[in-house]
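Notes to accompany the following structure.
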Amino acid sequence: MEDSFTIRRSTVRDIDRIMEIYDSAKYYMRTCGNFKQWTGGYPDKNTILTDIAHYSHFLSEDEEGNIHMVFAFILGEDPTYKVIENGAWLNDRPYGTIHRIASSGMQSGMLKACVRFCATMIDNIRIDTHAENGPMLRALNKLNFKHCGIIYTADGSPRLAFQKDFRPEIILPIDFKASY
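Residues in the sequence shown are numbered consecutively from 0, following numbering that gives the first Met the number 0.
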């Protein structure tokens with residue numbers, strides 16, 4: 000059940016288990032046909048330790064202390080999101096970005112829980128993934144993220160970019176007439 004865990008900031012003490020989850024996620028990606036994402040040792044321990052040092056790495060932990068999901072959530076402008084091709088962002092409001100999300104595969108609903116947690120900090124969330132990451136693409140679609148276009152990571156590789164704005168929409172009646 001997705002509510003049987005808590006999400007907290009990662010610490011240096013968690014690093015070995017965090018790296019195990021990333022290794023497991025890489026293996027799962029390969030079994031699903033995603034051979035290009037997270038290659039060359041990425042994400043490596045130094046990247047995760049930097050996330051931890053910046054207080055931007057989180058994990059889910061069940062009642063027994065087992066870690067099932069890890070991710071970075073970074074508030075503020077992401078340099079790789081400045082240029083988007085074949086589309087546009089939904090808005091230019093301040094946003095947070097989910098990066099490096101991975102699951103142990105032992106609990107379902109991890110992305111949904113991650114997004115719900117992140118939405119408590121900011122109501123505008125962006126995320127990107129590789130075109131071959133079918134499970135992530137299906138999950139983003141299920142959570143009503145909107146495909147916005149293509150961005151490029153620091154190494155120049157393309158990623159499909161998504162955004163979700165959690166602000167309630169103002170829906171006016173069809174016959175609404177403004178008067179001044």
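Glycine is no exception: its CB is placed at the ideal position from the N, C-alpha and C atoms. Quick caveat, the model's predicted, so the values are computed rather than measured.
Alpha-carbon spacing of residue i relative to residue j, whole angstroms
i	j	result
Q21	P42	Checking the sequence, you will find Tyr at residue 21 rather than Gln. About 7 Å.
I66	T119	21 Å
D61	I47	21 Å
K176	D127	At K176 the pLDDT is 47, less than 50, meaning the model places this residue with poor confidence; the figure from the coordinates comes in the next sentence. Their backbone Cα atoms lie some 40 Å apart in a straight line.
F144	Q162	5 Å
I121	T30	34 Å
R7	S23	21 Å
K44	D50	10 Å
A138	H98	15 Å
A130	L136	8 Å
A101	P93	25 Å
Residue i, buried or exposed, once every other Cβ within 10 Å from all chains shown has been counted against 16
i	result
V11	exposed
L166	It should be pointed out that residue 166 corresponds to Arg in this sequence rather than to Leu. Classification for R166: exposed.
D15	exposed
F34	exposed
Y26	exposed
G95	buried
S107	exposed
D91	exposed
A153	exposed
Which of helix, strand or coil DSSP assigns to residue i
i	result
A101	strand
A52	helix
L142	coil
M18	helix
P42	coil
Rounded distance between the beta-carbons of residue j and residue i, thought under 8 Å
i	j	result
D164	N132	22 Å between Cβ atoms; not a contact.
F72	S9	Wrong, their Cβ atoms sit about 11 Å apart, outside the cutoff.
L142	V114	6 Å
Does the pairing of the region 26-42 with the region 81-89 give three or more beta-carbon distances under 8 Å? Short answer: they don't touch.
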